[in-house]
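In what follows, a structure is listed as structure tokens, so that the remarks can point back to it.
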Amino acid sequence: MAKAGGWQLETGYLYKGDAKVGTDLLGSRPYFSFHGFAGVDIYGGVSLAAGLDGNAGVNRDSWDEVSKTVNFSFGAFHQLQTGYDSTLTLRLEALLMPWQNWSARGYQEMIDGDAGYYGIMIYPEVSWMLRSTWFTRLQSVVSPVDASAQITTTFGWYVFQGFTLLGIVVVNAGDEQSLFAYDRSGAWPDEWKDYEFNGVNITIGARYSY
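For the sequence shown, our numbering gives the first residue as 633, with consecutive numbering after it.
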């Protein structure tokens, strides 16, 4: 770890072992990250995976294989005072994988793992805290490659210390083959009833912390 002109720089190495979990990437994982301030907080990093993949029984040592694991992450964060005891928080993050897919693929291909991943994902977020009692948050996962997004809106009320009432609405926006489809009934081999869709989810609940 080092500091240069107000920026914090870090580089390191992680060995993931030889036991694969889900879609995790094994072997050697060097990385580099940075964090600094330029009007807003800015941070990011780059990493890749190379070496033995214990699950597949192959050595990931060719550039064709290694390049698919290269990823760049970037983010910016800023808070604004919007009045007495009121705060607006803005965050924007992105994940860039240059050697992954830059054209839309079928949903079945994506979940089977045959098509890899999309080359870019964007994560915007806006939250507003009002008088330390009410808050609302709008956050999204955007897939520019297939023009789809999952949008989550959260409302909260701190009723008293440790007890919060919550309302969460999640909406998918995209066609049936996109990563975040509003209605995926036509994307499966089996027939679905017309009223069965997965584009909207509403949750109401409470949280207590002590």
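Idealized CB from N, CA, C, for every residue including glycine.
Between the C-alpha atoms of residue i and residue j, what's the straight-line distance to the nearest angstrom?
{"i": "Tyr-663", "j": "Phe-792", "result": "43 Å"}
{"i": "Ala-670", "j": "Gly-788", "result": "31 Å"}
{"i": "Arg-615", "j": "Ser-694", "result": "Any question about residue 615 goes unanswered here, given that the chain covers just 633 to 842."}
{"i": "Met-645", "j": "Trp-766", "result": "According to the sequence provided, residue 645 is Tyr. The question's Met does not apply to it. Near 42 Å, if we compare the C-alpha coordinates of Trp-766 and Tyr-645."}
{"i": "Ile-865", "j": "Ala-634", "result": "Because the chain spans 633 through 842 in this model, residue 865 falls outside it and cannot be assessed."}
{"i": "Ala-781", "j": "Ser-772", "result": "7 Å"}
{"i": "Ser-759", "j": "Ala-805", "result": "21 Å"}
{"i": "Ala-813", "j": "Ser-735", "result": "17 Å"}
{"i": "Thr-643", "j": "Ser-665", "result": "6 Å"}
{"i": "Tyr-647", "j": "Ala-681", "result": "9 Å"}
{"i": "Thr-701", "j": "Ala-726", "result": "16 Å"}
{"i": "Glu-808", "j": "Tyr-739", "result": "8 Å"}
{"i": "Val-678", "j": "Asn-833", "result": "34 Å"}
{"i": "Asp-696", "j": "Ala-779", "result": "27 Å"}
{"i": "Met-742", "j": "Ser-699", "result": "19 Å"}
Return the Cβ separation of residue i and residue j in integer angstroms, given the expectation that the two are a contact with Cβ distance under 8 Å.
{"i": "Gly-748", "j": "Asn-733", "result": "6 Å"}
{"i": "Gly-676", "j": "Gly-707", "result": "6 Å"}
{"i": "Val-801", "j": "Gly-831", "result": "About 11 Å separates the two Cβ atoms, so there is no contact after all."}
{"i": "Thr-786", "j": "Leu-798", "result": "7 Å"}
{"i": "Val-777", "j": "Tyr-750", "result": "4 Å"}
{"i": "Ser-764", "j": "Gly-794", "result": "Not really, about 14 Å apart at Cβ, beyond 8 Å."}
Count the other C-beta atoms from every protein chain shown that fall within 10 angstroms of the C-beta of residue i, then say buried if there are 16 or more, exposed otherwise.
{"i": "Ser-810", "result": "buried"}
{"i": "Arg-816", "result": "buried"}
{"i": "Asn-703", "result": "buried"}
Go through the segment 711-771 residue by residue and report every complete run of the beta strand (DSSP E) that reaches 3 residues or more, in order. Entirely contained in the segment 711-771, the beta strand (DSSP E) runs reaching 3 residues are, in chain order, 718-728, 752-762.
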